[in-house]
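Protein chains in written order, with our numbering: chain A, 544 to 1088; chain B, 396 to 504. Built from N, CA and C at the ideal position, the CB exists for glycine as well. First the structure, in the form of structure tokens, and then the observations on it.
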């Protein structure tokens, strides 16, 4: 077995991370300065004044996370060509994730004045209970997602911190991996919380764009180097078969029954459909500038996926020749980069997953803090709070959420990657159908939306809980009912709940439906105004007039 | 509630969503069915090295089952977003009005 070259204390990598960190902090400051004079604070801080351009929407919604640059390569290395089918639904992701709901969410967010997902659902359905339930579920799922992200950031920082830094804190003889991790976690958390809290949504977006560009650059540099070093894909395939088994060249993959066809089908839901239901995606769909921006962002995202994912498959199939029989496949990405690129380019490429984790974390932090400030503090506790009070509440909430997650991440739970998949599935199963039905079905009611949300969340929790129980509490793998991933069942249960719940409840208020589904003059009120002044209903034009 | 809602943005968005849904269904069925029959090891279908039949070093089932449809979908995406989707008006932003409504609602309590 081949052991990876150690990347701990690589000066070039450390330098790249320092540059990444400084750029991120700088973007936070610039974002704060650029937006400080425009619009209301909450809209600016949590939504960037609905000003995102096509490039920013495309690159920040490209579902690129730390896992893309670490987890995906190790799967290609371990299981071979079947990973192409595993990721295949990315061919339609730009259309599904941005195109299906983008225009309607953009329109409904403007007509209702919503700046958060709970805002959107509450105003669409006219239900404070639904808004509160949405906030609570977002906090539950996103917090569980943030813990492994923080751990990933801490681990990467630990790997590249110079040994002397750790030695300054603890005597070399007593230095343990945990001390390095805690220092790494502290540096990571302080950086990301600082620029997110200060710069808000735009800081998160700009950092995301920055790391996405670095990732793309890294892939473009690595691709020709990997092809030349491996002698081509045919040679790499033969090497892979020799090191594993014939499954390296076929489905369901090498070494185990990795990707049976039922799961392959499920993954067309997993990436293309659950991606639509993530709160982070929906917030971006509430913040793009106009329809033209949306169209161009779909095209840019299509190009980005094409130049990132297909070359990544090729590079890490070729890795079987470049770094054969690696003992820890999870280290294949840094191993290949260090072997192929010069130290400074390697440093930059290795900094990309760190940047990806940072941008993911900053986006999630803002969604949770916006839920706390807008949907709970302002809506239920202090509706008369001044702009200044809301501003400080937002900064404080972002810092406190970051601090809380850091404390939990000091002793992170096991099964980190599975927890990320679980929370992503749970969020899609909870939120996608209420939003989809709310956007396209005028008859959808708040009772139906609540039932859809509950059915999606409970079926996901049930299937993961069943799998955990059936493993004797040793493995957090879900129960694959009929061989399908829980995301398929969660989405189906949610759709059924939404339709049945809506049909069994009284039809929604016709005036609210007209405001959201019929052509309206610019002077038409927001639904919240209609709630406060029901007499305005007579002034709203409907298509039946 | 059976009448047709005439907001053009809503109608266009719904039409476009249906189109995207059809593309998603088509790609899902094609990729899964093709790859299962031509690229999967099954109880009745053990595979051999000869069956890899590489095209530019890529196993033929990956080439025709994933890469070719990926290219087709990319072209389709370019046409769909570039020429089929409509630049609809998303309307006035009522964020400020909602902010005022929250305060007004609070002052009534």
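| Query | Result |
| --- | --- |
| Taking residue 696 of chain A as the reference, give the member of A/827, A/672, A/836 and A/560 with the closest Cα. | A/560 |
| Against residue 417 of chain B, what residues of chain A qualify as contacts under a CB-to-CB distance less than 9 Å, listed in chain order? | Simply none; closest approach about 11 Å. |
| Could you have a look at residue 1022 of chain A and say whether DSSP puts it in helix, strand or coil? | coil |
| Per DSSP, what kind of secondary structure is residue 713 of chain A in: helix, strand or coil? | Confidence in residue 713 of chain A is poor, its pLDDT being 46 and thus under 50, which makes the residue's placement too unreliable to answer from. |
| Considering just the uninterrupted stretch of the alpha helix (DSSP H) at residue 1005 of chain A, what are its terminal residues? | 989-1013 |
| Please work out which residues of its chain come closer than 7 Å, Cβ to Cβ, to residue 549 of chain A, disregarding the five sequence neighbours upstream and downstream, and give them in chain order. | At residue 549 of chain A the pLDDT is 48, less than 50, meaning the model places this residue with poor confidence; the figure from the coordinates comes in the next sentence. Excluding positions up to five away in sequence, the list is empty. |
| Determine the DSSP secondary structure at residue 434 of chain B, reduced to helix, strand or coil. | helix |
| Can you find a C-beta in chain A that's less than 8 Å from the C-beta of residue 412 of chain B? | yes |
| Which of helix, strand or coil does DSSP assign to residue 692 of chain A? | helix |
| Helix, strand or coil for residue 927 of chain A, going by three-state DSSP, please let me know. | coil |
| Report buried or exposed for residue 763 of chain A, applying the criterion of at least 16 other Cβ atoms within 10 angstroms of its Cβ. | exposed |
| Using 8 Å as the threshold, is the C-beta distance between residue 1079 of chain A and residue 1068 of chain A below it? | yes |
| Using C-beta distances below 6 Å, list every residue in its chain close to residue 854 of chain A, excluding the 5 sequence neighbours before and after it, in chain order. | 762 and 766 |
| State buried or exposed for residue 800 of chain A, treating a residue as buried only when at least 16 other CB atoms are found within 10 Å of its CB. | exposed |
| So residue 1074 of chain A is in the alpha helix (DSSP H); what residue range does that whole segment cover? | 1070-1075 |
| Taking the straight line between their C-alpha atoms, what separation do you get for residue 638 of chain A and residue 868 of chain A? | 38 Å |
| Under a three-way DSSP split, which group does residue 1083 of chain A fall into? | coil |
| Let me check one thing: in DSSP terms, what residues is residue 794 of chain A bridge-paired to? | B/435 |
| Rounded C-beta distance between residue 442 of chain B and residue 789 of chain A? I'm assuming under 8 Å. | 6 Å |
| Let's test the definition: count the other Cβ atoms within 10 Å of the Cβ of residue 698 of chain A and tell me whether it reaches 16, buried, or not, exposed. | buried |
| Tell me the DSSP secondary structure of residue 754 of chain A in three-state form. | helix |
| Which residues does DSSP list as the beta-bridge partners of residue 453 of chain B? | B/450 |
| Which full runs of the alpha helix (DSSP H) of 4+ residues lie inside the region 733-779 of chain A, going along the chain? | none |
| For residue 490 of chain B, decide whether its Cβ has a neighbour in chain A, counting only Cβ atoms nearer than 8 Å. | yes |
| Between the Cα of residue 475 of chain B and the Cα atoms of B/413, B/401, B/499 and B/459, which residue gives the shortest distance? | B/413 |
| Less than 8 Å between the C-beta atoms of residue 813 of chain A and residue 1074 of chain A, yes or no? | no |
| Should residue 834 of chain A be flagged as near chain B, meaning a C-beta pair shorter than 8 Å? | yes |
| Check for me: the alpha helix (DSSP H) holding residue 625 of chain A runs from which residue to which? | Careful: residue 625 of chain A lies outside any alpha helix (DSSP H) and carries neither H nor E. |
| Comparing alpha-carbon positions, which option in A/1004, A/864 and A/906 lies nearest residue 822 of chain A? | A/906 |
| Is residue 1038 of chain A helix, strand or coil when you go by DSSP? | helix |
| From A/861, A/836 and A/627, pick the residue whose C-alpha is nearest to that of residue 596 of chain A; which is it? | A/836 |
| If the criterion is Cβ atoms closer than 8 Å, does the pair residue 1061 of chain A and residue 483 of chain B meet it? | no |
| Using a Cβ-Cβ cut-off of less than 7 Å, list which residues of the region 808-832 of chain A approach chain B; keep chain order. | 808, 811 and 815 |
| Within the continuous alpha helix (DSSP H) that includes residue 922 of chain A, where are the two ends? | Run containing residue 922 of chain A: none; DSSP gives neither H nor E here. |
| Bridge partners for residue 831 of chain A per DSSP, in chain order? | A/595 |
| Can you list, in chain order, the residues of the region 419-442 of chain B whose Cβ is nearer than 7 Å to any Cβ on chain A? | 419, 422, 423, 426, 427, 430, 431, 434, 435, 436 and 442 |
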